[in-house]
Structure formats: C-alpha cells, structure tokens
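What follows is a set of notes on a single structure, which appears directly below.
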Amino acid sequence: MKAVKVVPGCLVLESGTGSGSLTTSLARAVAPTGQVYTFDFHEQRAASAREDFERTGLSSLVTVGVRDVQGEGFPEEFCGLVDSVFLDLPQPWLAIPSAGKMLKQDGILCSFSPCIEQVQHSSETLRSNFTDIRTFEVLLRTYEVREGKMDSSQGDEGDSLGSLPCKRRQRLSEGSNQHETSSSPTAMAKPSGEARGHTGYLTFARLKCF
Amino acid sequence: MSQNKLQKDSNHNPRVTWEGCSVLLDINDGDRLVFARLTAASTLKIGNKNCSLQPLIGYPFGSLFQLENGTKGPCLSRVLPATEGNYLQEKVDFQIKDESKDNRALVDNNTAQSLTGEDIDEMRRQGATGDEIVEALIANSATFEKKTSFSQEKYKLKKQKKYAPRVLLRRPSARSISEAYFKKYPARIGFLRVDSLSLLLSMANVTAHSDVLVVDMVGGILTGAVAERLGGTGYVCNTYLGLDPYPMGIVRIFNFSNEICKRIVQTPLTDLRSAQNGTSVQIGSREDICNIKSQSNEEISSSNSLPHTVSMEETALSSENGMLDLITETAASPVIRACKTTKAGEKASKETINLWKENGFSSLIIAAPDLDAWSTVKELLPLLSFSAPFAIYHQYIQPLATCMHNLQLGKMAIGLQISEPWLREYQVLPSRTHPHMQMSAFGGYILSGTRICSSDQPQLK
Numbered sequence: 768m769k770a771v772k773v774v775p776g777c778l779v780l781e782s783g784t785g786s787g788s789l790t791t792s793l794a795r796a797v798a799p800t801g802q803v804y805t806f807d808f809h810e811q812r813a814a815s816a817r818e819d820f821e822r823t824g825l826s827s828l829v830t831v832g833v834r835d836v837q838g839e840g841f842p843e844e845f846c847g848l849v850d851s852v853f854l855d856l857p858q859p860w861l862a863i864p865s866a867g868k869m870l871k872q873d874g875i876l877c878s879f880s881p882c883i884e885q886v887q888h889s890s891e892t893l894r895s896n897f898t899d900i901r902t903f904e905v906l907l908r909t910y911e912v913r914e915g916k917m918d919s920s921q922g923d924e925g926d927s928l929g930s931l932p933c934k935r936r937q938r939l940s941e942g943s944n945q946h947e948t949s950s951s952p953t954a955m956a957k958p959s960g961e962a963r964g965h966t967g968y969l970t971f972a973r974l975k976c977f
Numbered sequence: 513m514s515q516n517k518l519q520k521d522s523n524h525n526p527r528v529t530w531e532g533c534s535v536l537l538d539i540n541d542g543d544r545l546v547f548a549r550l551t552a553a554s555t556l557k558i559g560n561k562n563c564s565l566q567p568l569i570g571y572p573f574g575s576l577f578q579l580e581n582g583t584k585g586p587c588l589s590r591v592l593p594a595t596e597g598n599y600l601q602e603k604v605d606f607q608i609k610d611e612s613k614d615n616r617a618l619v620d621n622n623t624a625q626s627l628t629g630e631d632i633d634e635m636r637r638q639g640a641t642g643d644e645i646v647e648a649l650i651a652n653s654a655t656f657e658k659k660t661s662f663s664q665e666k667y668k669l670k671k672q673k674k675y676a677p678r679v680l681l682r683r684p685s686a687r688s689i690s691e692a693y694f695k696k697y698p699a700r701i702g703f704l705r706v707d708s709l710s711l712l713l714s715m716a717n718v719t720a721h722s723d724v725l726v727v728d729m730v731g732g733i734l735t736g737a738v739a740e741r742l743g744g745t746g747y748v749c750n751t752y753l754g755l756d757p758y759p760m761g762i763v764r765i766f767n768f769s770n771e772i773c774k775r776i777v778q779t780p781l782t783d784l785r786s787a788q789n790g791t792s793v794q795i796g797s798r799e800d801i802c803n804i805k806s807q808s809n810e811e812i813s814s815s816n817s818l819p820h821t822v823s824m825e826e827t828a829l830s831s832e833n834g835m836l837d838l839i840t841e842t843a844a845s846p847v848i849r850a851c852k853t854t855k856a857g858e859k860a861s862k863e864t865i866n867l868w869k870e871n872g873f874s875s876l877i878i879a880a881p882d883l884d885a886w887s888t889v890k891e892l893l894p895l896l897s898f899s900a901p902f903a904i905y906h907q908y909i910q911p912l913a914t915c916m917h918n919l920q921l922g923k924m925a926i927g928l929q930i931s932e933p934w935l936r937e938y939q940v941l942p943s944r945t946h947p948h949m950q951m952s953a954f955g956g957y958i959l960s961g962t963r964i965c966s967s968d969q970p971q972l973k
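See the structure below:
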C-alpha cells in the first residue's frame, strides 16, 4: 500500500479480483472517503467476492464488476480520475494502455506477475507512457524462538572436560545480552526451516506527466 | 461516482506544487536526491552551477526539468516527455540488428573523443542546448559506431547526465522519503527500510479511525507514515518515556494538511498512564536522545529540529559519486508561517487522553533502536485495548527474542511472530534482465502480536 501511496480518499481500480484479499487491504487503505472498483472476468468469483465484502462491511467502499479487462480495458467513465491501478492478470500488458488512460498524471500502477517473462513484457509496454518503472521481489522470513536452557555447569560436572566448563560459561554470557545467573533460560531465535521461495514479482510505475 | 468526493481529494492531495511546499528533487534518475522547500529564494546546486528553484512552483508533481544555459545563466526549464516515445522505438529497432558487435577492438585510452573541453565551453557560450552538446560529442567520437546499441545507450546517458542534467519533481510521501533516507542517512531512521516500514503499518493494522500509539525514535518517519495512512481521521499518539519528546522533524517534509497535522500528537507516557497505578515510571531514556527546544536553522549533521520551530532545512542526500549539498533557508516567508498554524506534535487534549484511557489504543508500533524492547512493551501494552495488534521493529534479533519469550511466559500476547522482510530489486530491460548488482541485505526484524486480556492487567474495556 505504501509503495503505491494508497491513502484515504483515493480512487483505485483493480483487476482481477480473485479472492478479494488485496481488495480488502485496498478498501481499508482508502477508507473512509475513497473507493475501490474491482473487476474479474469470472462471474462466480465476482459474485462470491461481492458477498464477502457485504459480510465484512466493506460494500460501501468496494464495487465488484464482471469484466474482461485484458480484452476490453477499464470502463471509460474512469478516464483521468484514478489514483492507482492494480493488476493481477496473466497478460497485464494488454491492460496497461487502458490503465494509462484511467490514471491521473503521476498516478501509480502496480502489476503482480509470477513469471519473469511476463514482467519483461509488461515493462516494455509500460515504457511508452510510464516512468519510474521498478520491479521487486518481496519475501518475509520468519523466525522461531524457543527457550534455551543452557546449563552453566557446576564445577564438578565435567571433570573429564578439563578447562572446557570455563569456556562454555564465557560463551553463555556472550550469547545473552544481560547478566545472567547460572541455568537461567535464554530465548534463542533461528530462522524457520520452511520458507516461501517465491510468490511473484511486483512491478511499479508512474504515469508520465504531459 | 461522486464528483464531489473527488474534488475534495484535490484539496487533500494536491497534485501541483505551491509556494512553500516540500519537494523531493530527483537529479539524474536517482543519482542524487535532495529535499527542498520551493520558495522564490531557494536554489539548487547541480554540478558547479546554482540555479533557482522558482520555475518549479506551480507545476504538477512528476514534472521533469532540464538544466539549460539560459540568457540569465543556468536555469531549469520543463521538459515534456512527448519526444521520448520516438527515441525509444528507435532503440528497440537497433537492438535487433546488433548481435554481431562486440568490444574486442575497443581500446579505452581516452583518445576517442575529438572535442575538447574548450570546444564544449565555446558551444555553451553560443547558446547550444545540453542535448546539442551531447549530439556533438557522439558525432565526434571515433568509437561510438563500433559499440553495441546497449553500450551506445549507456554512453549517451552518461553524457546527458553531465551536460544536460535532469531534475524530476517528486512529491514527498512515506515511500519516497523513507527510500531517500535509507539510501543516504539510514542511521537517522534506524535502518528502517521501506518495506519494513510498510510491514509495521500492515501488522499494526493502521487504517482510518484508528488510535495508534507509536514510540518513534526514527526521526518522525514512522509518525508521518501512520498519519498519512490515517488521512485525517483517528490519532497517532507519539509518546515518549522520558521528559522530552523525541525529534520528529521528518514529519514536516510530508506537506501534511491542517486536518492531518491535528491528528499527530505528542504526549508523555506519564500522562497516558492511569493515576491509580501509583508508580510514575520513567524508563531511563538514553542520554543521546537529542534535547532540542528552540533553535532556528539546524546543521544537517545534527538531528532534525522539533516541529515548533520555524526553521526550514533542506536535507541533501546524494549517491556515493554525487556531491553533498547543504542548503539552509534563512528567510521565512509569511506564506510559510501561515501554513504552520496547525503544527503536528501538539499535546493531546485531556478529553482525548481520557478516551484512550477508557478504550485503549487500537494498535502500537515501536521503532526505537536505543530502547530495550521488553522493558518498553511491558509499560505500553496495558494501554492497548484487548485484541489490539502491535509491531516492534528492531535491528537486532536478540532483544526481540527475549521480548517474545517474556510475552509468552507472561501470557500477555498471542500470535507472536518475528519476521525479517527481504527485498530485491530487478533491472528489467530487453535481453538485460537481472537483479540489481547492489542489494540491501538487511532491513531489520519485526516482532508482531496481539494483546490479550489476562487477570493481572488493569481493567480496560
């Protein structure tokens, strides 16, 4: 939301609607005075999304339309009035020219695509009327935290280890950032083993000023 | 569709610059970034020339200007991008015919260019435009034709940046401000990267009508970003643990309207806590929190000034190759003073504070590199409503791990998670697509969670 400067009062167009999860975020960002118009070419998905927005109380902020934006572009009535356009389409370059007509000067477009070839094609198409075209990958890495009871040993425990107990104790106090008495638990963090490798590339662009 | 609603937008969200507004100047496509205030007197130094910024007043954000050799000296004139389209099409055609060229015969010994420095100065004196000089350089280069079209493009761009520098007029926003600071003065914003800042706002569920409690020791960028998202509704309460508010000078760069400024308040923690708690807690804030009460112009080297001064400073940021300019305004024009009637950072009213005490804040965000996460959260969590989300940013994971652990033990929160955002930018060009050579390896860690009710918490609804 921040990258596209969607703030209260904005008018935002989106296609496709999909599950409506992004639409929901957009609606919350433009509330209370803005509007989101979202389009999907699949009638059932559109109807289902409409129901969801009713249930979550967002229907005053979101309007769902059934439309093939790749084939027909966005509706003419929005020409020159839109602050931001979001595209999550298999062939976004087909919708880019229309998006360009919808946006106000300096308005922002964001396109999400899983494949780099789609990104390349979109970027080429964007170059005629858009500037500041940037593509990013964003991922979130999570960490697990558990209590690590590092026993700082009593003197008699490790005779056979010789001088090791002292060294171990030293390492322990470096590991925690407070003065700890022996056998006090430390919280230890490590990255989660399972990670999302990729979801998609995000391409942002601003409509040139004429 | 409501036309009235949209017209209201343009008052809230002006798309055209005005006298006294803050702007972000992007020189030569990201090579150098400068924050400036547009007044009749302000100037910008490009290379070794000083030019007035007055021509930029009254133009839409996103307009492009080029440095030209005017009759009165160097000046910025607007460049319209209509001509760009044709040039790009030619480029695409060239590339297809290009595969046989390579650089095996090109020797880099500085003899390829036959125009001398004096020739160029002479051209300038005769009123040649920057573009004409670039064309002349290309025409007089012995090796230009032998280069691949990618190489030619790179060459032309390099010459253009030197002889016909361009300035893009950009609107300051949470994104552009945080990107600029992260690039050049990351320490002032605690190394908070753009995506980390976005994540904080998302995880804390910042939306219209929220009452967001923030501990902002990152110059005000967090407070500003939250206020931007609130859009004039709700409140962002910037609290401080000691006697003095933390500096939030960056808030002034946002060009906030009065409605939004009214929603930014600074209130000490002692005022927010219920009287019956007894202990007036003063978390020892470190000595290095700057205590700036009154001053006019500030040197860029020290931190940003508090909002109730009328200094106008321009923070200059540049890439490693660029020059560092310090431009400080001395004159405060009357127009600017008028705009400052509603200053961000006033103290919250008693009524508002009581409302917060009764209902709790809707979320909490902490970005305080110098404070210990656990000690801070322990004091602030009771001020949140139950089921309110919180997000804590820190550069080091250990304090967050300890904090998370303690929150779990104390049954104070659920849904606890430590996340690290990862961001990589790509260069996307025909046959030249790859991630950028430089990458930010690190944007900090965020501990997020939801406050829950537990038996030993003070009674909040």
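Protein chains in written order, with my numbering: chain A, 768 to 977; chain B, 513 to 973. C-beta: ideal position from N, C-alpha, C; glycine also.
Euclidean distance between Cα positions of residue i and residue j
{"i": "residue 591 of chain B", "j": "residue 904 of chain A", "result": "32 Å"}
{"i": "residue 895 of chain A", "j": "residue 873 of chain A", "result": "14 Å"}
{"i": "residue 698 of chain B", "j": "residue 714 of chain B", "result": "22 Å"}
{"i": "residue 875 of chain B", "j": "residue 574 of chain B", "result": "34 Å"}
{"i": "residue 861 of chain A", "j": "residue 877 of chain A", "result": "14 Å"}
{"i": "residue 970 of chain A", "j": "residue 861 of chain B", "result": "43 Å"}
{"i": "residue 917 of chain B", "j": "residue 881 of chain B", "result": "19 Å"}
{"i": "residue 624 of chain B", "j": "residue 975 of chain A", "result": "36 Å"}
{"i": "residue 542 of chain B", "j": "residue 900 of chain A", "result": "12 Å"}
{"i": "residue 688 of chain B", "j": "residue 871 of chain A", "result": "19 Å"}
{"i": "residue 798 of chain A", "j": "residue 913 of chain A", "result": "39 Å"}
Top-ranked residue by Cα proximity to residue i, from the options
{"i": "residue 902 of chain A", "options": "A:812, A:956, A:976 and A:884", "result": "A:884"}
{"i": "residue 530 of chain B", "options": "B:920, B:728, B:570 and B:633", "result": "B:570"}
{"i": "residue 866 of chain A", "options": "A:816, A:908 and A:778", "result": "A:778"}
{"i": "residue 952 of chain B", "options": "B:685, B:650, B:708 and B:643", "result": "B:708"}
{"i": "residue 844 of chain A", "options": "A:869, A:968, A:910 and A:810", "result": "A:869"}
{"i": "residue 854 of chain A", "options": "A:893, A:820, A:818 and A:819", "result": "A:893"}
{"i": "residue 809 of chain A", "options": "A:783, A:956 and A:958", "result": "A:783"}
{"i": "residue 922 of chain B", "options": "B:587, B:890 and B:555", "result": "B:890"}
{"i": "residue 858 of chain B", "options": "B:903, B:913, B:759 and B:911", "result": "B:759"}
{"i": "residue 879 of chain B", "options": "B:725, B:761, B:950 and B:946", "result": "B:725"}
Reduced DSSP secondary structure (H/G/I, E/B, other) of residue i
{"i": "residue 645 of chain B", "result": "helix"}
{"i": "residue 571 of chain B", "result": "coil"}
{"i": "residue 779 of chain B", "result": "strand"}
{"i": "residue 960 of chain B", "result": "strand"}
{"i": "residue 888 of chain A", "result": "helix"}
{"i": "residue 829 of chain A", "result": "strand"}
{"i": "residue 899 of chain A", "result": "strand"}
{"i": "residue 855 of chain B", "result": "coil"}
{"i": "residue 915 of chain B", "result": "helix"}
{"i": "residue 853 of chain A", "result": "strand"}
{"i": "residue 915 of chain A", "result": "strand"}
{"i": "residue 903 of chain B", "result": "strand"}
{"i": "residue 735 of chain B", "result": "helix"}
{"i": "residue 697 of chain B", "result": "coil"}
{"i": "residue 458 of chain B", "result": "Chain B is shown from 513 up to 973; residue 458 of chain B falls before or after that span and cannot be answered."}
{"i": "residue 722 of chain B", "result": "coil"}
{"i": "residue 666 of chain B", "result": "helix"}
{"i": "residue 802 of chain A", "result": "strand"}
Cβ neighbour criterion (16 or more within 10 Å) applied to residue i
{"i": "residue 740 of chain B", "result": "buried"}
{"i": "residue 897 of chain A", "result": "buried"}
{"i": "residue 619 of chain B", "result": "exposed"}
{"i": "residue 672 of chain B", "result": "buried"}
{"i": "residue 908 of chain B", "result": "exposed"}
{"i": "residue 786 of chain A", "result": "exposed"}
{"i": "residue 614 of chain B", "result": "exposed"}
{"i": "residue 794 of chain A", "result": "buried"}
{"i": "residue 870 of chain B", "result": "exposed"}
{"i": "residue 887 of chain A", "result": "buried"}
{"i": "residue 906 of chain B", "result": "buried"}
Quick check: the segment 821 to 829 of chain A against the segment 845 to 854 of chain A, are at least 3 beta-carbon pairs closer than 8 Å? Because the criterion of three Cβ pairs below 8 Å is not met, the segment 845 to 854 of chain A and the segment 821 to 829 of chain A do not touch.
Are the segment 800 to 808 of chain A and the segment 829 to 838 of chain A touching, with three or more C-beta to C-beta distances below 8 Å? Touching, yes.
Check whether the segment 708 to 724 of chain B and the segment 865 to 875 of chain B are in contact - that is, three or more C-beta pairs closer than 8 Å. Contact holds: three or more Cβ-Cβ distances are below 8 Å.
Using 8 Å as the Cβ pair cut-off and three pairs as the minimum, do the segment 930 to 948 of chain B and the segment 905 to 915 of chain A touch? Counting Cβ pairs under 8 Å, three or more are found: they touch.
Contact between the segment 625 to 636 of chain B and the segment 652 to 669 of chain B is defined here as three or more beta-carbon pairs at a separation below 8 Å; is this criterion met? With the cut-off at 8 Å, the segment 625 to 636 of chain B and the segment 652 to 669 of chain B touch.
Touching or not, the segment 633 to 649 of chain B and the segment 956 to 973 of chain A, by the rule of three or more beta carbon pairs under 8 Å? Cβ pair count under 8 Å is below three, so no.
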